[in-house]
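One structure is given below, encoded as structure tokens.
Residue numbers (the numbering used here): 175 to 384.
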């Protein structure tokens, strides 16, 4: 199998951290054209959704979306379990993964994609059509992200990790979301001490360097 990657993408980083936590190494190809600030032409011709990451299996099957790729890897390599071990753990992991995605990741993406000048005319990912940036979505995305980190702080007041007692997929996703938010200029509010404690701990995991 082969992973089509983009070093700067938080979605791609999520898969790289997941693989590192599993102790797995697979062939990887960088798909970003830095000079043109877009995906390489040969990758777009290979994968019509025009998004990264994408995992291509040996038989040519293509799996897109970072969570789908991680689900697939989990079934092949279930230890250590990153999607939960029991019915309750799986439910909590899924619940928090959705919360992280819908409020954390999408909030940052919404604010960044509508503010970053090179994305002018590319307000939505994965499309060849011109999509205008919407300035009003910048503040809405920031507010959405702010609500997310406050909610996360409340959860981490009672739990060492995002979905409970074990490090799992939502921890990976939240780390990627927060690091990308910081890259865009959105720092964690200083009063969120529980998020700060968690963030310091997960950032020290070897996989966080992936």
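Each residue gets a CB set at the ideal place from its N, CA and C atoms; glycine is no exception.
A Cβ-Cβ contact shorter than 8 Å links residue 224 with residue 218.
The alpha-carbon of residue 318 is positioned some 10 Å away from that of residue 311. For residue 176, there is no enclosing alpha helix (DSSP H); the enclosing beta strand (DSSP E) covers residues 176-179. Excluding sequence positions up to five before and after residue 265, its CB lies less than 7 Å from no other CB in the same chain. Every unbroken stretch of the beta strand (DSSP E) spanning 3 or more residues and falling wholly within the region 227-265 is given here in chain order: 228-230 and 236-238.
Residue 374 sits in a helix when the DSSP states are folded into three classes. Rounded to the nearest whole angstrom, the CA to CA distance from residue 261 to residue 342 is 14 Å. Residue 274 sits away from residue 363, with the two beta carbons spaced by 8 Å or more.
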